[in-house]
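**Q**
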Amino acid sequence: MNRITLTLKRPFIWLSRFRHRCGYGVHSPFAFSLITQVIYESTPYYKYKDLAVEQKKLASQKDKNWKYESKKVKRLLFRLVNYTQPDTIVDAGRLAASSLYLKAGKEGADYTSASELSELFLEAGVPVDFLYLHDYRNPEFVEEVFRICAARTAKKSIFVVEGIRYTPQMKKLWKCMMQDEKVGITFDLYDIGILFFDKTKIKQDYIVNF
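So the sequence shown is numbered by the numbering used here: it starts at 425 and just counts up by one.
1. Put K579 into one of helix, strand or coil per three-state DSSP.
2. Alpha carbon to alpha carbon, how far is A548 from G529?
3. Just the C-alpha distance for K625 and F454, rounded to the nearest angstrom, thanks.
4. Considering only the alpha carbon of each residue, which of K473, R561, S466, R518 lies closest to W490?
5. Are three or more beta carbon pairs between the stretch 461-480 and the stretch 589-599 nearer than 8 angstroms?
6. With A528 as the anchor, note down where its alpha helix (DSSP H) starts and where it stops.
7. Rounded to whole angstroms, what's the CA-CA distance from V566 to V497? Just pull it up for me.
8. With DSSP as the reference, label A516 as helix, strand or coil.
9. What is the DSSP secondary structure of K625, reduced to helix, strand or coil?
10. Would the stretch 460-470 count as touching the stretch 503-519 if we require 3 or more Cβ pairs under 8 angstroms?
11. Is the beta carbon of V632 sitting closer than 9 angstroms to the one on L619?
12. Between which two residues does the alpha helix (DSSP H) holding D474 run?
13. Helix, strand or coil for G447 per DSSP?
14. Quick check for students: name the residue ranges of the alpha helix (DSSP H) that lie wholly in the stretch 532-576, counting only runs of 4 or more.
15. Hey, how far is the Cα of M601 from the Cα of A574?
16. In the DSSP assignment, the alpha helix (DSSP H) including L619 goes from what residue to what residue?
17. Of all the options A538, L557, K606, R571, which has the alpha carbon lying nearest to the alpha carbon of R583?
18. Would you grab the beta carbon distance between G587 and Y630 for me? Rounded to a whole angstrom, and I think it's under 8 angstroms.
19. When you compare each of L555, K599, E465 to D515 by their alpha carbons, which one comes out closest?
20. Alpha carbons only, please: which of F634, V607, A578, S542 is nearest the one belonging to Q628?
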């Protein structure tokens, strides 16, 4: 799905998810807290300005391989990392400014970037605490990275997957991810999906109007 098509569809997407806004109908304290205090958080973090400046500095590096991502997704990534405080972050997909936001969410976290499977180097015995998987045009890559990283999860692990509803292949793949035996609570934000691996919480699949 290209950006123009997605922009035209936005009003219809919003209307179709209207009843899922702001945590309405969510009874789980964990899910309600995540939706209201992280996903819908509107606090203007001071780092947003610094990150915007850093992103402009990278403008000269932009080429055909540089991937566009919306500001709201990048800021949500920052908030999710800041909220979960992962020790390890895996950034799997095409080069993008979101890398700045992931690193800023928890400075000092062990960060690994991989735009291809051959670049996915994971230290033996170390779990993947946070995975951002963003190459929806390459579902085979997405599926394989998920398989590799899902075998390295811990109770605190969280995976964020881009474009879960952008193509028929990604819709099918997202459904398979949700049904994986290791996966617990999930959140469908249309543009991205969020998977938690804490099996002590009752499994529930939430739709959020993001």
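All C-beta atoms, glycine included, are put in the ideal place defined by N, C-alpha and C.
Every value quoted in this text rests on a predicted model; they were computed, and no experiment measured them.
**A** In terms of the structure at hand:
1. As a working mapping, residue 579 is identified with position 155 in the sequence shown. For K579, the three-state secondary structure derived from DSSP is coil.
2. Looking up residue 548 in the sequence shown gives position 124. Looking up residue 529 in the sequence shown gives position 105. Cα to Cα, A548 sits roughly 24 angstroms from G529.
3. Position 201 of the sequence shown, counting from 1, holds the residue named residue 625. Position 30 of the sequence shown, counting from 1, holds the residue named residue 454. Using only the alpha carbons, I get a separation of about 9 angstroms.
4. Stepping through the sequence shown from its first residue, residue 490 is reached at position 66. Looking at the Cα atoms, R518 is the closest of the given residues.
5. Contact between the stretch 461-480 and the stretch 589-599 is absent: fewer than three C-beta pairs spanning the two stretches fall below 8 angstroms.
6. For the purposes of this step, residue 528 is taken as the residue at position 104 of the sequence shown. Per DSSP, A528 belongs to the alpha helix (DSSP H) from 522-529.
7. What you label residue 566 is simply residue 142 of the sequence shown in a count that begins at 1. What you label residue 497 is simply residue 73 of the sequence shown in a count that begins at 1. Rounded to whole angstroms, V566 and V497 show a C-alpha spacing of 18 angstroms.
8. Indexing the sequence shown from 1 puts residue 516 at position 92. Reduced to three states, the DSSP call for A516 is strand.
9. In the sequence shown, the residue the question calls residue 625 occupies position 201. The three-state reading of DSSP puts K625 in coil, since its state is none of H, G, I, E or B.
10. As far as the Cβ criterion goes, the stretch 460-470 touches the stretch 503-519, which means the pair count is three or higher.
11. Position 208 of the sequence shown, counted from the start, is the residue given in the question as residue 632. Position 195 of the sequence shown, counted from the start, is the residue given in the question as residue 619. It is not a contact, given that the beta carbons lie outside the stated cut-off.
12. Your numbering for residue 474 matches position 50 in the sequence shown. In the DSSP assignment, D474 falls within the alpha helix (DSSP H) that extends over 471-481.
13. Against the sequence shown, residue 447 aligns to sequence position 23. Note that G447 has pLDDT 47, beneath the 50 cutoff, so the model's placement of it is unreliable and the number below is only indicative. Helix, per DSSP.
14. If you keep only unbroken alpha helix (DSSP H) runs of at least 4 residues inside the stretch 532-576, you get 563-574.
15. Taking the first residue of the sequence shown as position 1, residue 601 is located at position 177. Taking the first residue of the sequence shown as position 1, residue 574 is located at position 150. Distance between the alpha carbons of M601 and A574 is about 10 angstroms.
16. By 1-based counting over the sequence shown, the position of residue 619 is 195. DSSP places L619 in no alpha helix (DSSP H) but in the uninterrupted beta strand (DSSP E) bounded by 616-620.
17. In the sequence shown, residue 583 corresponds to position 159, counting from 1. Checking the sequence, you will find Phe at residue 583 rather than Arg. Residue L557 is the option with its Cα nearest to F583.
18. Mapped onto the sequence shown, residue 587 falls at position 163. Mapped onto the sequence shown, residue 630 falls at position 206. The distance from the Cβ of G587 to that of Y630 is about 18 angstroms, inconsistent with a contact at the 8 angstroms cut-off.
19. For the purposes of this step, residue 515 is identified with residue 91 of the sequence shown, where counting begins at 1. When C-alpha distances from D515 are compared across L555, K599, E465, the shortest belongs to L555.
20. Here residue 628 refers to the residue found at position 204 when the sequence shown is read from its first residue. If we check each option's Cα against that of Q628, V607 comes out closest.
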